[in-house]
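Protein chains in written order, with the numbering used here: chain A, 65 to 178; chain B, -6 to 110. Some notes on the structure that comes next.
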Amino acid sequence: AQSVSQHNHHVILSEAASLELGCNYSYGGTVNLFWYVQYPGQHLQLLLKYFSGDPLVKGIKGFEAEFIKSKFSFNLRKPSVQWSDTAEYFCASLKTGGGNKLTFGTGTQLKVEL
Amino acid sequence: GAVVSQHPSRVICKSGTSVKIECRSLDFQATTMFWYRQFPKQSLMLMATSNEGSKATYEQGVEKDKFLINHASLTLSTLTVTSAHPEDSSFYICSAREQRGGKETQYFGPGTRLLVL
């Protein structure tokens, strides 16, 4: 069965600090990978996605993620966070070719302090 | 981007009553929609997969007779919580699957907060 691990449950950063949130997936075959963000009181929004090709994926709001197949990782990064990035971030994987079910990580709560 | 709506956003009901939640894909057609439940400070738990024109597929441990799903059109899926009890109080979220060029992305609705008294 697929699983997605997000090891950082809570992260606190100061504005302008760099961000990296870890995400590891378990499936050894072809997967599609996603990062979603949930701002306080709002619904899940898609930040970025990886299907194939360039392993460095750029998303909205200055976020990017790098797919490293050998490490089964898809870490989310942002060079300089803002207070408005305070939110919960979910990594998710979709096994291609079967199931069509997203497997979510447990989420990382990011708090950016002024 | 693709937009998914849910209605209602909040509902309070008495124990024993039924509640219907609607999920609509506004600018794309979705043969498949998904229903999730999210507990406070936890990730999303998939309840069922809603397939247009056929029966829903439920995850293990989810009672299909309690959580009735109907996907009558390519843009609408409904979840009915039947004979609701306080333990059914939760945040219910739907998503709709968009497929383009063989690639699929799920877009999420804003969720429905259900409180059963």
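Note that CB positions come from ideal geometry on N, CA and C, so glycine has one too.
Count the other CB atoms within 10 Å of the CB of residue i; is the residue buried (16 or more) or exposed (fewer)?
i, result
"A:Lys113", "buried"
"B:Val(-4)", "exposed"
"B:Trp28", "buried"
"B:Ala65", "exposed"
"B:Ala23", "buried"
"A:Glu177", "exposed"
"B:Thr71", "buried"
"A:Trp99", "buried"
"B:Phe32", "exposed"
"B:Leu108", "exposed"
Since residue i sits in a beta bridge, which residues does DSSP pair it with?
i, result
"B:Met40", "DSSP lists no partner for B:Met40."
"A:Lys113", "A:Phe98"
"A:Ala151", "A:Leu174"
"A:Gln157", "In the sequence under discussion, the amino acid at residue 157 of chain A is Ser, which differs from the Gln named in the question. Beta-bridge pairing links A:Ser157 to A:Leu97, A:Thr167."
"A:Ser78", "A:Glu177"
"B:Gln31", "B:Leu37, B:Phe84"
Kindly indicate the opening and closing residues of the beta strand (DSSP E) around residue i.
i, result
"A:Cys87", "Per DSSP, A:Cys87 belongs to no beta strand (DSSP E) and is neither H nor E."
"A:Lys175", "172 to 177"
"B:Thr105", "105 to 109"
"A:His107", "No beta strand (DSSP E) contains A:His107, which DSSP labels as neither H nor E."
"B:Ile14", "12 to 18"
"B:Val(-3)", "-3 to 0"
"A:Ser137", "137 to 142"
"A:Lys122", "120 to 122"
Using a C-beta to C-beta distance shorter than 8 Å, which residues of chain A count as neighbours of residue i?
i, result
"B:Arg90", "Asn164"
"B:Pro1", "Residues of chain A passing the Cβ test: none, with the nearest at roughly 14 Å."
"B:Pro103", "Gln106, His107"
Could you list which residues in chain A have their beta carbon closer than 9 Å to that of residue i, in chain order?
i, result
"B:Thr68", "Simply none; closest approach about 18 Å."
"B:Tyr100", "Leu108, Gln109, Leu110"
Under 6 Å: does the beta carbon of residue i sit that close to some heavy atom of the ligand FMN?
i, result
"A:Ser148", "In terms of ligand content, the structure shown is empty, and the ligand FMN therefore cannot be addressed."
Taking residue i as the query, report the chain B residues whose CB atoms sit under 9 Å from its CB, ordered along the chain.
i, result
"A:Gly169", "Ser36"
Quick check on the DSSP output: what are the complete beta strand (DSSP E) runs of length 3 or more inside the stretch 42 to 102 of chain B, in order along the chain? Taking only runs of at least 3 residues, the beta strand (DSSP E) segments lying wholly in the stretch 42 to 102 of chain B are 60 to 66, 69 to 74, 83 to 93, 96 to 101.
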